[in-house]
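Undergrad: Pasting in a structure now, in structure tokens, and then I'll have a few things to ask.
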Amino acid sequence: MQIQQTILTLNTRGRGTQEISRQVAEAVREHGLGTGLVHAFCHHTSASLIITENADPTVRSDLEGYMARTVPDGDPSYDHDMEGPDDMPAHIRSVLTGSGVTVPITGGRPALGTWQGIYLWEHRSGGHVRKVTLTLLGQ
């Protein structure tokens, strides 16, 4: 059994999703794992990781629209707004979607479904540098 870690540094362009499936697959390949698990963890409280549809981008834009309606920027009921009107909504969105995902490794590849992709979801309106740790366990 091997345990390896890789840190991804990702530049976001502001609110929206960025697919990282390729980088995850490269890490699995580089570490030579045939069977196991890969866990991705986002080190931020205003961005998250999701697994969702990767064929039709309107799925991700619909998700963004849902969050905008459900957790609006500038809601006067939020006390926390130290970094602007998108600050607290970004934290709520991150809590709702989660900071990590785990995917099985089968045949030397992440065993994602046909239409699945792994995405970093930036919840702030401006771009940021985000860190994601990949922990790979297997043989």
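The sequence shown lines up with residues 830 to 968 when you count with this note's numbering.
The beta-carbon is built from N, C-alpha and C at its ideal position, and this holds for glycine as well.
Where does the unbroken beta strand (DSSP E) through L839 begin, and where does it stop?
TA: 831-840
Undergrad: Just how far apart, CA to CA, sit F870 and D910?
TA: 25 Å
Undergrad: Could you say which of I934, Q968, V958 lies nearest to S850 if we only look at CA atoms?
TA: I934
Undergrad: Please list, in chain order, all residues of the same chain as G863 whose beta carbon is under 6 Å from its beta carbon, the five residues on each side excluded.
TA: G937
Undergrad: Assign V900 to one of three DSSP states: helix, strand, or coil.
TA: coil
Undergrad: Between S877 and Q968, what straight-line distance do the alpha-carbon atoms span, to the nearest angstrom?
TA: 28 Å
Undergrad: Leaving out the 5 sequence neighbours to the left and right, which residues in its chain are closer than 6 Å to V961 when beta-carbon positions are compared?
TA: L837, A869, C871
Undergrad: Give the straight-line distance between the Cα atoms of D885 and T943, rounded to the nearest whole angstrom.
TA: Cα-Cα distance, rounded: 12 Å.
Undergrad: Where are the beta strand (DSSP E) runs, 3 residues long or more, that stay fully inside the stretch 853-888, in chain order?
TA: Listed in chain order, the complete beta strand (DSSP E) runs (minimum 3 residues) inside the stretch 853-888 are 865-871, 876-882.
Undergrad: By how many angstroms is the C-alpha of T874 removed from the C-alpha of A940?
TA: 27 Å
Undergrad: On the DSSP letters alone, give me the boundaries of the alpha helix (DSSP H) that R922 sits inside.
TA: 916-926
Undergrad: Quick check on E893: does DSSP put it in helix, strand or coil?
TA: helix
Undergrad: Using beta-carbon positions only, say whether W950 and T926 come within less than 8 Å of one another.
TA: yes
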